[in-house]
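Chains as they are written, first to last, in this note's numbering: chain A, 267 to 513; chain B, 16 to 336.
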């Protein structure tokens with residue numbers, strides 16, 4: 267069984283976000299790029315565990331991006347993917363990205379396609395479900411626990427205020443939520459091996475983006491904190507009722 | 016026509032559903048189009064959806080749709096959209112829509128905005144949350160059909176006495192449309208899910224250990240709030256992962272967020288800074304969270320929180336009599 271793990275780059279979680287060119291572009295100065303945490307810590311690691319358990323034969327990594335995503339692809343290979351594919355295009359439109367990955371997945375027969383539950387930059391949470399539709403496959407989102415037995419998958423997925431356990435045959439697309447696996451740090455052997463693992467660059471196919479970002483803005487600043495004495499909690503209750511009107 | 020996908024929950028319609036119907040109806044009004052709801056699976060009292068602004072309800076009364084299968088849901092929504100020649104589809108940004116809206120988008124080649132926080136303008140530019148709450152983007156949908164998934168607690172409910180016309184809708188399903196089998200569902204009863212909660216009480220490392228959570232539970236129970244926590248708390252298994260709010264946890268926007276013993280790292284603030292009112296209780300005067308708060312108490316959580324809970328109980332008693 268072959269698994270395709272989808273990765274995207276994202277600004278490190280400690281990044282202070284700011285914008286340039288009239289608030290139309292992310293200010294990338296000083297931004298540290300990482301593998302989107304949901305893609306790396308849960309999706310990729312669970313795929314590797316399935317290979318180690320003898321359930322999967324190959325774990326391939328795919329990312330849509332220009333050459334600047336290669337460092338994160340190499341890192342993923344260091345953690346343990348077998349080979350990687352970079353589709354040479356720069357886009358933040360979910361449909362464009364999903365179309366590129368779906369086309370490659372279709373031509374190369376992956377029984378399982380895995381994504382993170384969302385990227386921490388655009389938070390669209392869309393790529394997995396779109397790939398599933400383009401491949402005409404079932405899709406399970408926000409998977410917390412995932413197993414395969416005799417071609418039948420069992421997923422525990424997160425729902426509002428709880429969990430649901432689903433079974434579904436392969437082929438399948440899933441998106442991975444925190445808790446699915448434990449984070450792994452690449453070791454020296456992995457890092458050395460990643461340098462010679464295949465990283466194939468594939469030209470992007472024609473697909474129209476359906477959305478575009480016109481501009482960005484920062485959330486409104488708080489006007490300043492009103493400090494209340496710890497001996498006067500009644501005052502806080504009164505302010506929450508009369509001023510903030512939230513209780 | 017503007018369509019809105021509505022989920023029924025044990026015979027009732029959740030606040031988030033009422034919000035999206037009101038939102039869809041406002042777009043309908045803005046663009047002089049009728050608004051209709053799509054309801055899949057067994058449901059009752061659908062006329063009442065008219066209270067929130069839809070004129071019609073397309074109801075696919077098929078028990079196989081009582082549980083989510085994103086392929087089947089997509090087929091139903093796509094068919095209704097095409098038959099009605101609809102121009103927009105509205106979802107609530109929740110776990111069901113995350114599995115369904117992108118599929119519908121890919122099938123119809125209809126641009127999708129996930130995490131919208133306000134109405135689209137006349138050019139269908141929609142403001143949405145990005146960088147997990149650190150910023151907003153204005154996103155333009157270029158396709159003829161537009162799809163929006165609205166964040167919960169982002170639009171106020173408009174209610175009237177109007178009823179909707181319920182139309183029984185038939186979908187041509189075949190066996191390959193249903194592949195996912197739900198084996199079991201495990202829901203915490205009686206607690207509003209974090210994403211929809213109006214009041215949230217959250218604890219951080221300053222709580223020192225899971226055994227101390229009783230004071231936060233008391234506070235939460237007193238005002239009917241949902242519990243949340245910071246990442247170190249979830250990572251140390253003091254609290255379950257689903258309570259984690261922040262950049263790699265849930266992004267929430269309650270009316271009131273009470274943060275106890277949370278310093279306010281940038282990743283945490285990203286997930287909660289859309290809260291309307293933020294109260295910070297912390298003993299460290301340098302805690303960055305105070306800068307993002309509306310009200311702050313500098314003090315020991317183990318002394319302040321029980322006193323605060325008592326004051327709230329007193330307030331509740333005096334206001335309910």
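Each residue gets a CB set at the ideal place from its N, CA and C atoms; glycine is no exception. Predicted model only: the values in this text are computed from it and were never measured.
Using the rule of at least 16 other Cβ atoms within 10 Å of the residue's Cβ for burial, across every protein chain shown, is residue i buried or exposed?
{"i": "residue 191 of chain B", "result": "exposed"}
{"i": "residue 286 of chain A", "result": "exposed"}
{"i": "residue 380 of chain A", "result": "buried"}
{"i": "residue 239 of chain B", "result": "exposed"}
{"i": "residue 33 of chain B", "result": "buried"}
{"i": "residue 241 of chain B", "result": "buried"}
{"i": "residue 89 of chain B", "result": "buried"}
{"i": "residue 137 of chain B", "result": "exposed"}
{"i": "residue 308 of chain B", "result": "buried"}
{"i": "residue 84 of chain B", "result": "buried"}
{"i": "residue 455 of chain A", "result": "exposed"}
{"i": "residue 65 of chain B", "result": "buried"}
{"i": "residue 389 of chain A", "result": "buried"}
{"i": "residue 375 of chain A", "result": "exposed"}
Between residue i and chain B, is any beta-carbon pair separated by less than 8 Å?
{"i": "residue 295 of chain A", "result": "no"}
{"i": "residue 436 of chain A", "result": "no"}
{"i": "residue 379 of chain A", "result": "no"}
{"i": "residue 275 of chain A", "result": "no"}
{"i": "residue 350 of chain A", "result": "no"}
{"i": "residue 458 of chain A", "result": "no"}
{"i": "residue 396 of chain A", "result": "yes"}
{"i": "residue 344 of chain A", "result": "no"}
Closer than 8 Å by beta-carbon distance: list the chain B residues that pair up with residue i, in chain order.
{"i": "residue 445 of chain A", "result": "256"}
{"i": "residue 411 of chain A", "result": "The contacting residues do not exist; residue 411 of chain A stays about 11 Å from chain B at best."}
{"i": "residue 505 of chain A", "result": "310"}
{"i": "residue 386 of chain A", "result": "146, 147, 262 and 263"}
Are the C-beta atoms of residue i and some chain A residue less than 8 Å apart?
{"i": "residue 157 of chain B", "result": "yes"}
{"i": "residue 2 of chain B", "result": "Here chain B comprises residues numbered 16 to 336, so residue 2 of chain B is not present and cannot be evaluated."}
{"i": "residue 118 of chain B", "result": "yes"}
{"i": "residue 173 of chain B", "result": "no"}
{"i": "residue 34 of chain B", "result": "no"}
{"i": "residue 154 of chain B", "result": "yes"}
{"i": "residue 319 of chain B", "result": "yes"}
{"i": "residue 125 of chain B", "result": "yes"}
{"i": "residue 28 of chain B", "result": "no"}
Cβ of residue i within 7 Å of any heavy atom in the ligand ATP?
{"i": "residue 216 of chain B", "result": "The model depicted lacks the ligand ATP and carries no ligand whatsoever."}
Please compile the residues from chain B whose C-beta is within a distance smaller than 9 Å of the C-beta of residue i.
{"i": "residue 374 of chain A", "result": "Within chain B, no residue comes near residue 374 of chain A; the closest Cβ sits about 19 Å away, beyond 9 Å."}
Please report how far the alpha carbon of residue i lies from the alpha carbon of residue j, in whole angstroms.
{"i": "residue 430 of chain A", "j": "residue 457 of chain A", "result": "38 Å"}
{"i": "residue 474 of chain A", "j": "residue 358 of chain A", "result": "12 Å"}
{"i": "residue 446 of chain A", "j": "residue 262 of chain B", "result": "17 Å"}
{"i": "residue 272 of chain A", "j": "residue 468 of chain A", "result": "15 Å"}
{"i": "residue 38 of chain B", "j": "residue 50 of chain B", "result": "10 Å"}
{"i": "residue 304 of chain A", "j": "residue 344 of chain A", "result": "17 Å"}
{"i": "residue 424 of chain A", "j": "residue 278 of chain B", "result": "28 Å"}
{"i": "residue 372 of chain A", "j": "residue 294 of chain B", "result": "51 Å"}
{"i": "residue 493 of chain A", "j": "residue 501 of chain A", "result": "10 Å"}
{"i": "residue 364 of chain A", "j": "residue 504 of chain A", "result": "51 Å"}
{"i": "residue 174 of chain B", "j": "residue 296 of chain A", "result": "48 Å"}
{"i": "residue 232 of chain B", "j": "residue 24 of chain B", "result": "26 Å"}
{"i": "residue 314 of chain B", "j": "residue 297 of chain B", "result": "6 Å"}
{"i": "residue 203 of chain B", "j": "residue 209 of chain B", "result": "12 Å"}
{"i": "residue 268 of chain B", "j": "residue 146 of chain B", "result": "15 Å"}
{"i": "residue 396 of chain A", "j": "residue 361 of chain A", "result": "7 Å"}
{"i": "residue 304 of chain B", "j": "residue 251 of chain B", "result": "21 Å"}
{"i": "residue 110 of chain B", "j": "residue 309 of chain A", "result": "18 Å"}
{"i": "residue 328 of chain B", "j": "residue 155 of chain B", "result": "48 Å"}
{"i": "residue 274 of chain B", "j": "residue 82 of chain B", "result": "36 Å"}
{"i": "residue 59 of chain B", "j": "residue 198 of chain B", "result": "24 Å"}
{"i": "residue 126 of chain B", "j": "residue 391 of chain A", "result": "14 Å"}
{"i": "residue 322 of chain B", "j": "residue 228 of chain B", "result": "15 Å"}
{"i": "residue 223 of chain B", "j": "residue 244 of chain B", "result": "13 Å"}
Give the residues of chain A in contact with residue i, contact being defined as C-beta atoms less than 9 Å apart.
{"i": "residue 203 of chain B", "result": "427 and 428"}
{"i": "residue 271 of chain B", "result": "506, 510, 512 and 513"}
Could you tell me which chain A residues have their CB closer than 8 Å to the CB of residue i, listed as they occur along the chain?
{"i": "residue 279 of chain B", "result": "Result: empty, since nearest Cβ-Cβ is about 11 Å, beyond 8 Å."}
{"i": "residue 195 of chain B", "result": "404, 406, 432, 433 and 434"}
For residue i, which residues in chain A fall below 7 Å Cβ to Cβ?
{"i": "residue 198 of chain B", "result": "431, 432 and 433"}
Measuring only between beta-carbons, confirm whether residue i sits less than 8 Å from chain E.
{"i": "residue 357 of chain A", "result": "Protein chains A and B are contained in the structure displayed, whereas chain E is not."}
Quiz item: Looking at C-beta atoms only, is the number of pairs between the segment 352-363 of chain A and the segment 326-337 of chain A that lie closer than 8 Å three or more?
Solution: yes
Quiz item: Does the segment 181-188 of chain B come within contact of the segment 83-95 of chain B, defined as at least 3 CB pairs closer than 8 Å?
Solution: Yes, the segment 181-188 of chain B is in contact with the segment 83-95 of chain B.
Quiz item: Looking at C-beta atoms only, is the number of pairs between the segment 209-220 of chain B and the segment 272-284 of chain B that lie closer than 8 Å three or more?
Solution: yes
Quiz item: Pairing CB atoms from the segment 433-440 of chain A with CB atoms from the segment 116-134 of chain B, are three or more of them under 8 Å?
Solution: no
Exercise. Would you check if there are 3 or more beta carbon pairs closer than 8 Å linking the segment 145-157 of chain B to the segment 16-32 of chain B?
Key: Contact between the segment 145-157 of chain B and the segment 16-32 of chain B is not established, with fewer than three Cβ pairs separated by less than 8 Å.
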